[in-house]
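Taking it in order: structure first as structure tokens, then the write-up.
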């Protein structure tokens with residue numbers, strides 16, 4: 001019996017990026033095979049998705065299912081909570097400044113992942129093989145994946161959504177520049193007495209960011225970046241003691257805090273591939289970029305990867321994995337990925353640095369942002385969608401010229 005299967009698009013990885021990629025390609029009319037086990041549903045993290053990413057979820061028919069479990073992000077605030085000589089002023093970004101009702105939504109992964117999985121299972125254009133890829137063979141015409149049951153799938157294009165260690169990336173011969181940080185993120189949810197007013201606050205500390213993001217009701221999610229040993233010590237505290245530590249760290253901004261069950265620790269690292277597509281394989285999500293959790297970039301950047309890749313595949317329907325198509329994808333994604341990765345890594349390094357010039361540069365940069373509304377608006381628009389800040393500036397200039 002022949003266990004070979006041919007697909008136009010093979011998506012490797014069944015996390016959020018892989019599920020979104022499978023849905024996006026299927027909606028664009030491509031036959032899709034998704035490979036990867038179903039998530040266990042125990043992920044206590046949340047994902048802050050900005051408006052452009054939410055539009056993608058809306059197109060895929062997933063947003064309405066999760067909206068009731070999400071909280072709007074209307075205000076973002078950066079607070080320098082370091083004790084250094086040079087400190088930055090508080091910077092506040094309001095969505096209303098750029099004519100938006102909200103920047104995005106904070107979604108629990110425990111709601112987002114099942115909704116995406118349900119949409120994939122219900123889509124007639126997707127075959128979901130809930131197995132692992134055992135090995136890859138890439139030739140001039142196809143990408144071949146051998147699965148854990150011995151069956152083989154051949155596709156014109158393999159979408160590597162298989163995470164930061166990406167076996168597909170390695171099989172394609174794409175080398176990476178990797179960095180490990182002396183940091184780990186403690187992730188949890190907590191209740192609080194005062195209303196968060198749909199405001200997310202990122203406290204910058206000497207060990208990294210302490211980021212509160214609103215959830216429905218008087219609840220928020222927290223990503224607290226500290227040294228790895230400190231993360232273990234914090235996670236081992238009883239609920240009452242940890243609640244007090246969280247409240248003190250955030251300067252009692254939301255009143256009395258009560259941490260909820262479920263604490264997770266994630267070591268921080270950075271990975272940048274030398275290229276983003278090669279040998280019938282295109283990288284998306286964490287296979288294409290890994291950096292510290294600053295500024296809600298992760299999955300938002302991954303969704304832009306997917307959107308761009310689908311657009312290029314549609315322009316190259318006869319062979320979406322051809323050299324020309326992959327070169328176009330690499331060219332299109334490189335500026336966005338490199339700019340976001342570099343900015344996040346630089347900010348993270350400046351937080352960890354005891355060097356006065358680095359502290360001054362960070363303080364000056366945030367000071368200018370806080371005090372100059374047009375520049376703040378530019379960065380808010382660019383944060384939502386690359387190029388939109390420049391488009392707004394150009395539009396403003398045209399209005400001035402007409403006057």
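In full-length UniProt numbering, the protein residues as written are 1 to 403. A virtual CB, placed ideally from N, CA and C, is assigned to each residue, including glycine.
- Annotated three-state conformation of residue 335 is helix, per DSSP.
- By the CB criterion at 8 Å, residue 310 and residue 20 fall outside the cutoff.
- The beta-bridge partner set that DSSP reports for residue 300 is empty.
- With a contact defined as Cβ atoms closer than 8 Å, residue 281 and residue 138 qualify at about 7 Å.
- If you look at residue 56, you'll find it in the alpha helix (DSSP H) that goes 51-59.
- In the same chain as residue 149, and ignoring 5 residues on each side of it, the C-beta atoms closer than 7 Å to its own belong to 131, in chain order.
- Considered as a whole, the segment 146-178 harbours 152-160 as its complete beta strand (DSSP E) runs of no fewer than 3 residues, in chain order.
- Taken through DSSP and simplified to helix, strand or coil, residue 69 comes out as helix.
- A Cβ-Cβ contact shorter than 8 Å links residue 284 with residue 159.
- The segment 270-279 makes contact with the segment 171-181: 3 or more CB pairs, one atom from each, lie closer than 8 Å.
- Assignment of residue 280 by DSSP, reduced to helix, strand and coil, places it in the coil class.
- Apart from sequence neighbours up to five positions away, the residues of its chain that approach residue 72 with a beta-carbon distance below 7 Å are 102, 105, 198, ordered along the chain.
- Taking the CA atoms as reference points, residue 321 sits about 15 Å from residue 136.
- In the DSSP assignment, residue 108 falls within the beta strand (DSSP E) that extends over 104-108.
- Ranked by how close their Cα comes to the Cα of residue 28, the residues 13, 9, 38, 42 have 9 in first place.
- Exclusion of the five residues before and after residue 82 leaves 204, 205, 206 as the residues of its chain whose Cβ lies within less than 7 Å of its Cβ.
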